[in-house]
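Residue numbers (this note's numbering), protein chains in the order written: chain C, 1 to 408; chain Y, 409 to 554; chain A, 555 to 710.
In what follows, a structure is listed as structure tokens, so that the remarks can point back to it.
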């Protein structure tokens, strides 16, 4: 059969990121896949060398707008290690609470995006509505919905008072109730299970070999979570479960994320309860003594690694960031092997690509023919939804059902 | 003003179709743009609809400081949009480059590449600010067509 | 009682005597080999196959003005990291690919090529990362002597 390679242009609405992937097709079957990354490359590592450590706290926060706390925390942890600074316990707990709040907003965001990709649009509306509960809490505690500015070298900049504590606990109860509902939808609705099972399969040994991290890896049975294995902030003092799954497919990746949501509510409750009184910051020097440190953090998407080298001045010598998506994007080719075009959007979306952590693009080529057909992401998404509709996997009924059950 | 132009303007103001283009942003503004379309903020009540292709869009909502890789595509997308078209720079990065303004792979703002009709600052620009900005743009269209 | 980190250090020095003063335990779960030299490949194999540091997290390339430093950040399941360093001259820098054992290394090696101009022996054709196709040849942004053209000073 004639091979077709389709370029998926760098502007597609669903992922909201400019990126290029190259897909070679034989009919509907995907024969090969490659990614050309680089669209979001800004030159941050170099810029870090030209800014003070404090300025870099704000710069690293803006590497990614979804896991911004992840990057700024990973950065300050490295600097604190080099300078021999031990932050107050209360600050550790506050960092942990913000981390988990970030994980919650990120996973709810992902659930909505995943729903959108497969035509389950009411899920997008409801998860993003629930997500607003978290955004409100974050804005209350930190002053901003995104890019919280909570971290400083030596601790955190704002405290959590009793009023805010009460509000957070109320929010956790509300969200837990909503998430249980989403778990029910994910595990008992036939349409969801059919649509996501056996899609984007990444066998355990390939997940290990290719270095998959976060929920993508854990859904293939890779039992790794930086919070447990290489603890930071207050995670060494908090009991929580690392969620793994053996489905090795998009369905598994969904289960892991909703499972992590449930754990996040528990972690936040524990942290609020155990958080000791005391200062939230210690003084840090402007000039950081010469040294180096490797800091790791479990961002919503997986392990985030920051390496910092200092030279005794106010500015770092070198800052290296390895965001989780850079590790996971290398597994997508394997996931799409022998898959079909209709699955491409959800498989890519299922690694929860934070391409601004990395950067991205999408290109499709037609093999066997000279012509490069261009298919916008929106067309790919529609193609996928219609392809499955023809197979009897249709979300219209479920969309209606959810609308009725959730009078907004 | 001709009748046809009046109708076209009325249509643009009553129901603008927007295209969302990320020029290398960190995503914060992009997520806030999508959030502004969800029921809580509901940009759709102003008739604003998100469209996937430049050929159907009246307004392009740009985020990001314009990395070198996105510069040409941004120009191309702009050129593909039919007149009349409007460009909204969402977020501090698209207004001026933001924290990335002196980074080596960045142009520092949308207006270095295409003409901008409205600037919505913020890091990120909140959904309320985005709605405010878009509504102001629509109002100014109404004013200018009077 | 020996810690896990000390056990790893001892095993490394036992196998590679010259590492005597080059293995450094910075803190719990952080071990550095400050210069693996010519034995890098064998040390990497030993670390990943015998000591369990089978995960490659990242490769950091830096320019200190006089030479290039490469750090291979390895990890094992219990969270310990072994960070192995090697050095090359700044100009004409070349390292051998490790993608045969660690396929995930490709993207990090491409990054070294783009940002520092390092030649990776044994790495085949592939998409460059992260710079654009029209990035000027011979311009390596992460080099210490590389300055952005028409750089505006802060505050102007």
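We treat Cβ as the ideally placed atom computed from N, Cα and C, and that holds for glycine.
Under 8 Å from the C-beta of residue i: neighbouring residues of chain C
i, result
"residue 583 of chain A", "230"
"residue 597 of chain A", "Going along chain C, no residue has its Cβ under 8 Å from residue 597 of chain A, so there is no contact; the nearest lies around 18 Å."
"residue 670 of chain A", "Going along chain C, no residue has its Cβ under 8 Å from residue 670 of chain A, so there is no contact; the nearest lies around 11 Å."
CA-to-CA distance, residue j to residue i, given in whole angstroms
i, j, result
"residue 501 of chain Y", "residue 518 of chain Y", "8 Å"
"residue 115 of chain C", "residue 125 of chain C", "9 Å"
"residue 149 of chain C", "residue 139 of chain C", "11 Å"
"residue 691 of chain A", "residue 662 of chain A", "19 Å"
"residue 489 of chain Y", "residue 612 of chain A", "42 Å"
"residue 677 of chain A", "residue 330 of chain C", "16 Å"
"residue 499 of chain Y", "residue 532 of chain Y", "6 Å"
"residue 390 of chain C", "residue 217 of chain C", "31 Å"
"residue 358 of chain C", "residue 287 of chain C", "Annotation note: pLDDT 30 at residue 358 of chain C (below 50); position unreliable, no value reported."
"residue 109 of chain C", "residue 687 of chain A", "33 Å"
"residue 24 of chain C", "residue 165 of chain C", "52 Å"
"residue 45 of chain C", "residue 61 of chain C", "13 Å"
"residue 153 of chain C", "residue 304 of chain C", "18 Å"
"residue 340 of chain C", "residue 302 of chain C", "26 Å"
"residue 348 of chain C", "residue 332 of chain C", "7 Å"
"residue 82 of chain C", "residue 293 of chain C", "6 Å"
"residue 459 of chain Y", "residue 465 of chain Y", "6 Å"
"residue 534 of chain Y", "residue 421 of chain Y", "22 Å"
"residue 71 of chain C", "residue 179 of chain C", "26 Å"
"residue 162 of chain C", "residue 280 of chain C", "15 Å"
"residue 637 of chain A", "residue 516 of chain Y", "36 Å"
"residue 559 of chain A", "residue 615 of chain A", "25 Å"
"residue 580 of chain A", "residue 471 of chain Y", "42 Å"
"residue 35 of chain C", "residue 119 of chain C", "25 Å"
"residue 243 of chain C", "residue 63 of chain C", "27 Å"
"residue 113 of chain C", "residue 379 of chain C", "16 Å"
"residue 186 of chain C", "residue 257 of chain C", "11 Å"
"residue 458 of chain C", "residue 326 of chain C", "Here chain C comprises residues numbered 1 to 408, so residue 458 of chain C is not present and cannot be evaluated."
Beta-carbon neighbours of residue i, restricted to chain C and to distances below 7 Å
i, result
"residue 531 of chain Y", "147"
"residue 448 of chain Y", "129 and 132"
"residue 695 of chain A", "43 and 46"
"residue 534 of chain Y", "145"
"residue 443 of chain Y", "128"
"residue 614 of chain A", "307 and 320"
"residue 658 of chain A", "210, 211, 327 and 330"
"residue 633 of chain A", "229 and 230"
Under 9 Å from the C-beta of residue i: neighbouring residues of chain A
i, result
"residue 476 of chain Y", "685, 686, 688 and 689"
Amino acids of chain A, ordered along the chain, whose beta-carbon sits closer than 7 Å to that of residue i
i, result
"residue 221 of chain C", "Going along chain A, no residue has its Cβ under 7 Å from residue 221 of chain C, so there is no contact; the nearest lies around 13 Å."
"residue 214 of chain C", "In chain order: nothing, as chain A lies at least about 13 Å away."
For residue j and residue i, believed in contact at Cβ under 8 Å, the rounded distance
i, j, result
"residue 478 of chain Y", "residue 39 of chain C", "6 Å"
"residue 635 of chain A", "residue 610 of chain A", "Their Cβ separation, rounded to whole angstroms, is 11 Å, which puts residue 635 of chain A and residue 610 of chain A out of contact at 8 Å."
"residue 474 of chain Y", "residue 524 of chain Y", "Their Cβ separation, rounded to whole angstroms, is 11 Å, which puts residue 474 of chain Y and residue 524 of chain Y out of contact at 8 Å."
"residue 386 of chain C", "residue 122 of chain C", "About 18 Å separates the two Cβ atoms, so there is no contact after all."
"residue 517 of chain A", "residue 640 of chain A", "Outside the shown range of chain A (555 to 710) lies residue 517 of chain A, about which nothing can therefore be said."
"residue 212 of chain C", "residue 196 of chain C", "Contact doesn't hold; Cβ gap of about 18 Å is too wide."
"residue 56 of chain C", "residue 321 of chain C", "Not a contact, Cβ separation roughly 11 Å."
"residue 397 of chain C", "residue 631 of chain A", "About 44 Å separates the two Cβ atoms, so there is no contact after all."
"residue 133 of chain C", "residue 78 of chain C", "Rounded, the Cβ-Cβ distance is 32 Å, inconsistent with contact."
Partners in chain Y for residue i, counting only beta-carbon separations shorter than 9 Å
i, result
"residue 64 of chain C", "434, 435 and 436"
Cross-chain neighbours of residue i in chain Y, by beta carbon under 7 Å
i, result
"residue 109 of chain C", "439"
"residue 125 of chain C", "446 and 447"
Partner residues on chain C for residue i, Cβ-Cβ distance less than 9 Å
i, result
"residue 473 of chain Y", "42"
Chain A contact residues for residue i, given Cβ-Cβ distances below 8 Å
i, result
"residue 447 of chain C", "Within the shown structure, residues of chain C are numbered from 1 to 408, placing residue 447 of chain C beyond reach of any answer."
Min CB distance residue i to chain E below 8 Å
i, result
"residue 620 of chain A", "Of the protein chains in the structure, C, Y and A, none is chain E."
By the 9 Å beta-carbon criterion, what residues does the stretch 25 to 39 of chain C contribute toward chain Y? Taking 9 Å as the Cβ-Cβ cut-off against chain Y, the residues of the stretch 25 to 39 of chain C that qualify are 38 and 39.
For the stretch 281 to 310 of chain C, list every residue whose C-beta sits within 9 Å of some C-beta in chain A, in sequence order. Of all residues in the stretch 281 to 310 of chain C, 291, 292, 293, 294, 296, 303, 305, 307 and 309 have a Cβ within less than 9 Å of some Cβ in chain A.
Ordered list of beta strand (DSSP E) runs contained in the stretch 317 to 348 of chain C, each at least 3 residues: Qualifying beta strand (DSSP E) stretches, in chain order: 318 to 322.
Got a sec: which bits of the stretch 497 to 529 of chain Y sit with their beta carbon under 7 Å from any beta carbon on chain A, in order along the chain? Residues 510 and 512.
Could you run through the stretch 40 to 58 of chain C and flag, in chain order, every residue whose CB is less than 8 Å away from some CB of chain A? Of all residues in the stretch 40 to 58 of chain C, 41, 43, 45 and 46 have a Cβ within less than 8 Å of some Cβ in chain A.
The stretch 636 to 648 of chain A: positions lying closer than 9 Å to chain C by Cβ: If the cut-off is 9 Å between Cβ atoms, the stretch 636 to 648 of chain A has 637 near chain C.
What runs of the beta strand (DSSP E), each 3 residues or longer, lie entirely inside the stretch 582 to 628 of chain A? Correct list: 584 to 587 and 609 to 617.
Just by C-beta distance, which residues in the stretch 456 to 471 of chain Y are closer than 9 Å to chain C? Cβ contacts with chain C come from 458, 459, 460, 461, 462 and 471.
Residues of the stretch 310 to 324 of chain C with a CB closer than 8 Å to any CB of chain A: list them in chain order, please. Closer than 8 Å at the C-beta level to chain A, one finds these residues of the stretch 310 to 324 of chain C: 317, 318, 320 and 322.
Near-chain C residues of the stretch 419 to 432 of chain Y - C-beta to any C-beta below 9 Å: Of all residues in the stretch 419 to 432 of chain Y, 427, 428, 429, 430, 431 and 432 have a Cβ within less than 9 Å of some Cβ in chain C.
Complete beta strand (DSSP E) runs within the stretch 224 to 294 of chain C (minimum length 3 residues, chain order): The qualifying runs do not exist here; there are none.
Quick one: which unbroken alpha helix (DSSP H) runs of 4-plus residues sit fully inside the stretch 43 to 79 of chain C? Chain order, please. Correct list: 44 to 48 and 53 to 61.
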